[in-house]
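Engineer:
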Amino acid sequence: MLKSIEVQGRTEDEAIEAALEQLNMSRDDVSVEIVEQARSGFLGLKNTPAVVKVVYESQEERTGQVDSFLTGLFERMDVEVNLDIKEEEDSINVILTGKEPGALIGRRGETLDAIQHLTNYVINRSVSGRVRINLDAENYRQRRNEALENLAAKTAGKVIKYRRNLTLDPMNAYERHVIHTALQDNGQVSTFSVGSEPNRRVVVAFGESRENTEKTDSPQFREWS
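Quick note on this note's numbering: the sequence shown kicks off at 14 and runs consecutively.
1. Please list the terminal residues of the continuous beta strand (DSSP E) segment that includes R145.
2. Given a cut-off of 9 Å on the beta-carbon distance, is the pair V172 and A116 in contact?
3. For A202 and T180, what's the separation of their Cα atoms in angstroms?
4. Quick check on L179: does DSSP put it in helix, strand or coil?
5. Secondary structure at D80, three-state DSSP: helix, strand or coil?
6. Please return the same chain residues whose Cβ sits closer than 6 Å to the Cβ of Q78, not counting the five positions on each side in sequence.
7. Okay, do the segment 158 to 171 and the segment 116 to 126 touch, 3+ Cβ pairs below 8 Å being the bar?
8. If V64 sits next to S17, beta carbons under 8 Å apart, how far is it from one beta carbon to the other, in whole angstroms?
9. What's the call for I6, buried or exposed, on a 16-neighbour Cβ count within 10 Å?
10. Where do the ends of the beta strand (DSSP E) carrying T204 lie?
11. Helix, strand or coil for Q21 per DSSP?
12. When you compare each of D97, E101 and I146 to T110 by their alpha carbons, which one comes out closest?
13. Q155 to L36, Cα distance in whole Å?
Following this line, the structure appears as structure tokens:
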């Protein structure tokens, strides 16, 4: 649902900035209509302020769209799933619960990632502005992140001890991103990715980054950034 507010300011730009601050949105998230231009009165007296109308997409509507889309998707998949949807400042977080959480997560989170990617694509295609939609089940994201961070630390320890590079098993873009981030402040090792999907791998290298080191992998969740 599109909503709008009207805001005054000494200038059009000032009025727009005030509206964006009030809505906690960026300029790309809204459309602006100048209702009345600012005008200066004679000798600076009785100045007329600018009035702008700012149109934006209601976050509540986005939440409803997420609920509707996921409910329909799981009905088509013939999977019974309960949705716990919560709004944050710049994201919508969805917790999935059901009788078979493993079926929602898939091998190494592949099913969960695919549903999340599809939901982000559908919702962000149909609204103005972008919102990041995060899906989780059985606290999988946190558990997987912790496991990957532990793997990164252990691998870095081996690389430093034996002074040789180590290549990890193939990972998806999100998992590679976690490894890169976990080791980005470690001055004794560097990370980069090699290969092509779906067999792309992270290399943990001894010493400083090489010139073409890929510090971050843009995941299919680049729509979150």
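We treat Cβ as the ideally placed atom computed from N, Cα and C, and that holds for glycine.
Structural biologist: Once the coordinates are examined:
1. It spans R145 to A150 - the beta strand (DSSP E) in which R145 sits, taken as one unbroken run.
2. With respect to the 9 Å criterion, V172 and A116 are not classified as neighbours on the basis of their beta carbons.
3. The residue asked about is misnamed: residue 202 is Val in this sequence, not Ala. Put simply, the backbone Cα of V202 is about 13 Å away from that of T180.
4. Strand at L179.
5. Here DSSP, grouped into helix, strand and coil, assigns D80 to helix.
6. Its chain contains I136 as the residues whose beta carbon lies nearer than 6 Å to that of Q78, once the 5 sequence neighbours on both sides are disregarded; these appear in chain order.
7. Touching, no, given that fewer than three Cβ pairs across the two stretches are closer than 8 Å.
8. No, V64 and S17 are not in contact; Cβ-Cβ is about 12 Å, not under 8 Å.
9. The chain is shown only over 14 to 238; residue 6 falls outside these bounds and no answer can be derived.
10. For T204, the enclosing beta strand (DSSP E) stretches over residues V202 to V207.
11. In the three-state reduction of the DSSP assignment, Q21 falls in the strand class.
12. Looking at the Cα atoms, D97 is the closest of the given residues.
13. Taking the straight line from one Cα to the other gives about 31 Å.
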